[in-house]
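Working notes, beginning with the structure itself.
In full-length UniProt numbering, the protein residues as written are 1 to 229.
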């Protein structure tokens with residue numbers, strides 16, 4: 001399969017968790033479905049669905065804040081206006097690894113020209129971002145064998161972890177409940193949980209070979225070990 005690597009950066013982001021009501025909580029980093037939504041926006045494909053896979057690397061420490069926001073504009077007039085509490089990701093910065101056999105080459109062509117059909121944003125329209133191309137690889141292959149723990153700076157699906165090597169001055173966290181597969185027509189399938197290092201430092205882990213499948217893979221893209229999902 002092919003792979004294209006690009007960066008996403010903004011001052012803030014909001015990737016709303018679907019299981020919240022009174023407050024709008026966010027995932028701590030960009031979700032798999034949001035990444036593919038950005039790919040669809042670049043290509044101009046509405047209701048974008050694909051079997052291509054992605055990996056996510058954190059290039060800035062994860063930090064969130066809660067902010068009360070009014071969604072009615074400057075003047076609400078006589079309308080009752082109660083600010084909504086929204087949790088925001090501060091200074092999000094991600095490196096995206098997009099791999100597969102469907103849309104990688106088309107995505108590379110758009111990114112290489114700095115083009116996008118629709119606006120791209122990090123979860124909400126007030127969090128605009130401009131994807132920046134980093135690299136393109138004509139061929140990447142899944143790793144099938146390893147003799148020692150792997151080291152990656154990307155987020156790692158918990159299902160792939162058989163054993164973790166904990167290192168000093170690392171801040172490991174778990175984030176759960178991400179939607180994994182978008183089937184179209186606002187229908188989602190399956191969920192996925194991740195282990196990540198809060199500051200974007202490397203994670204050393206021994207993968208569980210039984211979990212390697214078409215759905216979850218480990219590849220080497222350039223110098224980086226990447227978990228694809």
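By construction, the Cβ of each residue, glycine as well, lies at the ideal position given by its N, Cα and C atoms. No experiment lies behind these values; they were computed from the predicted model shown.
Three-state secondary structure (DSSP) of residue i
i	result
residue 137	strand
residue 177	strand
residue 112	helix
residue 30	coil
residue 3	strand
residue 201	coil
residue 122	coil
residue 41	helix
residue 160	helix
Residue i versus residue j: straight-line alpha-carbon distance, rounded
i	j	result
residue 170	residue 189	33 Å
residue 235	residue 216	Absent from the structure is residue 235, since the part of the chain shown begins at 1 and ends at 229.
residue 221	residue 194	20 Å
residue 16	residue 135	29 Å
residue 200	residue 103	28 Å
residue 145	residue 173	27 Å
residue 213	residue 87	34 Å
Cβ-Cβ distance between residue i and residue j below 7 Å
i	j	result
residue 97	residue 123	no
residue 180	residue 99	no
residue 107	residue 39	yes
residue 31	residue 178	yes
Counted within 10 angstroms of its Cβ, other Cβ atoms place residue i as buried (16 or more) or exposed
i	result
residue 132	exposed
residue 183	exposed
residue 166	exposed
residue 2	buried
residue 37	buried
residue 52	buried
residue 159	buried
The ligand FMN heavy atom lying under 6 Å from the CB of residue i
i	result
residue 50	In the structure shown, the ligand FMN is absent, as is every other ligand, since no ligand is present at all.
Identified DSSP bridge partners for residue i
i	result
residue 142	219
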